[in-house]
Structure formats: C-alpha cells, structure tokens
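Written below as structure tokens is the structure these notes are about.
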Amino acid sequence: MFGRIVRHAAMMRIFYEPKTAMVAHTKASSLRANPDTRDWICAGTEDLGPAAGKFAEALEKWPGSQEPIETGFTLVNNTTGSTSDVVAQKSERPVRYASAMKVMTSKPESNISHAISHWDWRGGILVFASGYEIGSSSPGCYCR
Numbered sequence: 001m002f003g004r005i006v007r008h009a010a011m012m013r014i015f016y017e018p019k020t021a022m023v024a025h026t027k028a029s030s031l032r033a034n035p036d037t038r039d040w041i042c043a044g045t046e047d048l049g050p051a052a053g054k055f056a057e058a059l060e061k062w063p064g065s066q067e068p069i070e071t072g073f074t075l076v077n078n079t080t081g082s083t084s085d086v087v088a089q090k091s092e093r094p095v096r097y098a099s100a101m102k103v104m105t106s107k108p109e110s111n112i113s114h115a116i117s118h119w120d121w122r123g124g125i126l127v128f129a130s131g132y133e134i135g136s137s138s139p140g141c142y143c144r
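Residue numbers (the working numbering): 1 to 144.
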C-alpha cells in the first residue's frame, strides 16, 4: 500500500523514483521543510480546504448573503463566529495562519497592487473586509 501512495505522489511530482525501490524528494516536496510553507499548506488543507467543500451548501443556506459569518467556513466549523474568532480558538491556528499569510504576502503574484491597478474602479465596488484580515494579509491595502 505504501508503494502505491508514493507512486501516486510521484505522478503528482511530489516525489520521484530515481531507481527502483528508491524514493527521492522533488522541489515540491522539499518545500515542506520550510516551516512557513508547511503552515501555508496545512492552513489550506486543514482550515480552508474543508470550507471550500461547504461553499455550495452555504450558498443554498444563505442565498445572496453578504454576511462574513454565513460561509462554508462557518458550516464546517459549526460556529456562528467569524473566521478570525475560530482561528483564535485553538493555540496552533493563529500561529499557523500568520505563517500562511506571511507566505502569501511574500509572493509577488499575490500582491494587492494587481487588483488595484488592473480593475476598472470607475463603476464602483462594495468590498467587505475586517481590519484584521486586510492588515494581516494585505499590508499594501488601505481602507478609506
């Protein structure tokens, strides 16, 4: 069974088999050695991934909602609190979330300037964001 899992991971370019019965890391799997990148992966798979699976259910339950607590994240965590409230409840989650945001903000392609400079703002747009989320994940974004 282990061999099947490793071969599947190799098909996804996570590991490779330089010769029979030998497994080696690729650049993708070696990224997990970096604690911040590992936190980013874990936050995505353990915190946000399950919420994505509840996205359609949230849309059905709260059609047209603009409330930040009426989301797939709310459903999967069985809460009425915000994402920030839920993240703060477990001791490892705030640290992991902060590390994940550090990884996201270090990537040039995630820079908020792309949204600012490539969107036609003349038509107007309503954006909801709490100061915590804007401040932690988009340090270059200012609310007026």
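Glycine included, each C-beta is placed from N, C-alpha and C at the ideal position.
Keep in mind that this is a model prediction, so the values were computed, not measured.
The Cβ atoms of Trp-40 and Ser-99 lie closer than 9 Å to each other. Exposed is the label assigned to Asn-78, since fewer than 16 other Cβ atoms lie within 10 Å of its Cβ. In the three-state DSSP reduction, Glu-109 falls in the helix class (H, G or I). Within the model, the alpha-carbon separation for Trp-121 versus Pro-108 is close to 22 Å.
Comparing alpha carbon positions, the residue from Val-76, Ile-14, His-8, Trp-119 closest to Gly-49 is Val-76. For Glu-57, the enclosing alpha helix (DSSP H) has its first and last residue at 55-61.
For the options Met-101, Arg-4, His-118, Ile-116, the alpha carbon positioned closest to that of Arg-38 is the one of Met-101. For Tyr-16, the pairing in a beta bridge is given by DSSP as Ala-24. Secondary structure of Glu-46 (DSSP, three-state): helix. Arg-93 and Asp-36 do not touch by the CB rule: their CB atoms are close to 15 Å apart, not below 8 Å.
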